[in-house]
Amino acid sequence: MNLDHFKPLTVYTIYIASTPEKVWEALTSAEFSRKYFFGNAVEIELKVGGAYIVRTPDGSLQISGEVIACDPPRRLSVTFNVNWPELIEKLGPTLVTYEIEPAGEAVRLTMTESHDRPLDDDILSGGRQGWPAILSGLKSLLETGAPLVVKMEPPERMLAALKKLGIKTP
Amino acid sequence: MSKPEFIYVTYIETTPEKLWEALTSSEFSRKYWFGTELQSNWKIGSSFALVTNGVTSDVGEVLEFDRPRRLSYTFNHILRDDLRNAEPTKVVFTLEPHGHLVKLTLTHEGFAGADKLRNAISAGWPAILSSLKSLLETGNPLAIPRAALGKEVQSS
């Protein structure tokens with residue numbers, strides 16, 4: 004996959020009292036992800052070209068992609084395509100990269116969402132609403148052992164923008 | 005209205021009152037803000053300063069103090085020439101109850117082309133607010149040295 008045209012459009016950084024290995028495990032395990040990712044299960048084949056899948060609590064396929072870079076416990080890059088009809092045709096693929104770095108006695112986790120074309124803020128608002136909740140939850144889970152349970156309203160602004168483009172949303 | 009140039013959102017398991025205290029008390033701020041004390045009497049129009057080990061790095065003015073919902077102040081770096089901005093920048097904290105959590109939104113705007121300052125605060129805020137979240141949820145702030153943030157903020 005040619006990544007030359009991808010540009011970061013959303014970046015979120017959070018510091019966690021944990022180890023890079025535990026942050027990596029939290030990002031790549033279904034058991035962990037169910038606790039901080041709105042109940043969704045991450046299934047990943049940890050090698051370049053491997054499958055990356057996110058399933059909703061009822062088991063249906065929400066996001067499907069491919070592992071682009073896999074350097075545990077430092078860097079994971081995956082295509083992150085929400086499975087809605089015509090979304091990828093109209094908006095192109097989404098690339099999500101996690102970078103994990105030691106920072107003093109903590110770990111810095113940086114999530115970068117990149118796209119191969121400019122997208123307007125309405126389209127990006129869904130991710131911008133979701134990432135802080137997901138990653139705040141991941142941090143709390145690793146630090147306290149208990150998930151945060153952030154209840155999210157549907158991303159109305161993004162859904163309205165997608166509807167305008169003729170993309171069918173649930 | 006100028007577009008916010010840095011936005012950070014986090015969700016914290018605490019109450020708006022406790023979060024408000026953490027955002028306005030120098031005793032709290034020393035623990036999560038690299039040892040920095042927030043100094044102000046918090047009256048609208050009063051002065052605001054960030055002081056670390058007796059050295060003032062930033063000064064400003066209190067713009068809004070609506071406990072425990074909205075706090076804002078201007079922010080003007082005075083220590084390093086390369087981080088000076090022509091106009092004071094503006095920081096706004098919004099606290100919203102979100103179920104049993106609090107959603108904290110920070111916006112920092114008004115960087116009239118001061119890219120170095122913008123880069124420095126973009127590296128600083130996630131560390132400060134992550135440490136604040138840890139302090140409120142676990143009782144312990146994060147041990148992140150300033151030097152771990154990246155080159156823009158290392159020498160400030």
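Line by line, the protein sequences give chains G and R. Residue 4 is where the first sequence starts when you use my numbering, and the numbers rise one by one after that. Residue 5 is where the second sequence starts when you use my numbering, and the numbers rise one by one after that. For every residue, glycine included, the Cβ atom is placed at its ideal position computed from N, Cα and C. Model, not experiment: these values are computed from the prediction.
No alpha helix (DSSP H) of 4 residues or more sits fully in the stretch 92-136 of chain R.
Within chain R, not a single residue places a beta-carbon under 8 Å from that of G:V26; the smallest gap is close to 13 Å. DSSP places G:P135 within a helical segment (H, G or I) once states are collapsed to three. Of the residues assessed, G:M114 falls on the buried side of the cut-off, its CB having 16 or more other CB atoms within 10 angstroms. Taking R:A118 as the centre and dropping the five residues before and after it, the same chain places the C-beta of N89 closer than 7 Å to its C-beta, in chain order. As DSSP reads the structure, G:V70 sits in a beta bridge with G:V81.
The stretch 8-24 of chain R and the stretch 132-141 of chain R touch, with no fewer than 3 CB-CB distances between them shorter than 8 Å. Within the model, the alpha-carbon separation for G:S32 versus R:V63 is close to 45 Å. Listed in chain order, the non-local C-beta contacts of R:E17 below 6 Å within the same chain comprise L105 and E141, local neighbours out to five positions each way being set aside. Counting the other Cβ atoms within 10 Å of the Cβ of R:P101 gives fewer than 16, which makes it exposed. Against chain G, a Cβ distance below 8 Å from R:H102 picks out V153 and K154. Using beta-carbon distances, R:A147 counts as an interface residue toward chain G, with a partner under 8 Å. In the three-state DSSP reduction, R:P149 falls in the coil class, being neither helix nor strand. Nearest in C-alpha terms to G:W87, of all of G:L98, G:A72, G:L162 and G:E104, is G:L162. Under the three-state reduction of DSSP output, G:G130 falls in the helix class.
Rounded to the nearest whole angstrom, the C-alpha separation of G:L12 and G:V51 is 23 Å. For G:G68, the closest C-alpha among the options G:K167, G:T16, G:R58 and G:L141 is that of G:R58. Under the DSSP assignment, G:L12 falls in the beta strand (DSSP E) whose first and last residues are K10 to I19. Within the stretch 121-139 of chain G, P135, A136 and S139 place their CB atoms closer than 7 Å to a CB of chain R, listed in sequence order. If you look at R:L67, you'll find it in the beta strand (DSSP E) that goes V59 to D70. Linking R:F52 to R:L42 through their CA atoms gives a straight-line distance of about 7 Å. Taking a cut-off of 8 Å for Cβ pairs, the stretch 63-81 of chain G and the stretch 95-105 of chain G touch, as three or more such pairs fall below it. For the stretch 40-65 of chain G, the set of positions with a beta-carbon nearer than 9 Å to some beta-carbon of chain R is empty. At least 8 Å separates the CB of R:S29 from every CB of chain G.
DSSP lists no bridge partner for G:V51. With a threshold of 8 Å between beta carbons, G:Y101 makes no contact with chain R. Per DSSP, R:S29 lies in no beta strand (DSSP E) and is assigned neither H nor E. In the three-state scheme derived from DSSP, where H, G and I count as helix and E and B as strand, G:F35 is classed as helix. Looking at the backbone, the Cα of R:Y36 and that of R:P130 are separated by about 11 Å. By DSSP's assignment, R:L54 forms a beta bridge with R:L42 and R:D62. By the Cβ test, the stretch 85-99 of chain R is not in contact with the stretch 135-148 of chain G, since fewer than three Cβ pairs between them sit closer than 8 Å. Beta-bridge analysis with DSSP links R:N80 to R:V63. In this structure G:R77 is in contact with G:P23, their Cβ atoms being roughly 7 Å apart against a cut-off of 8 Å.
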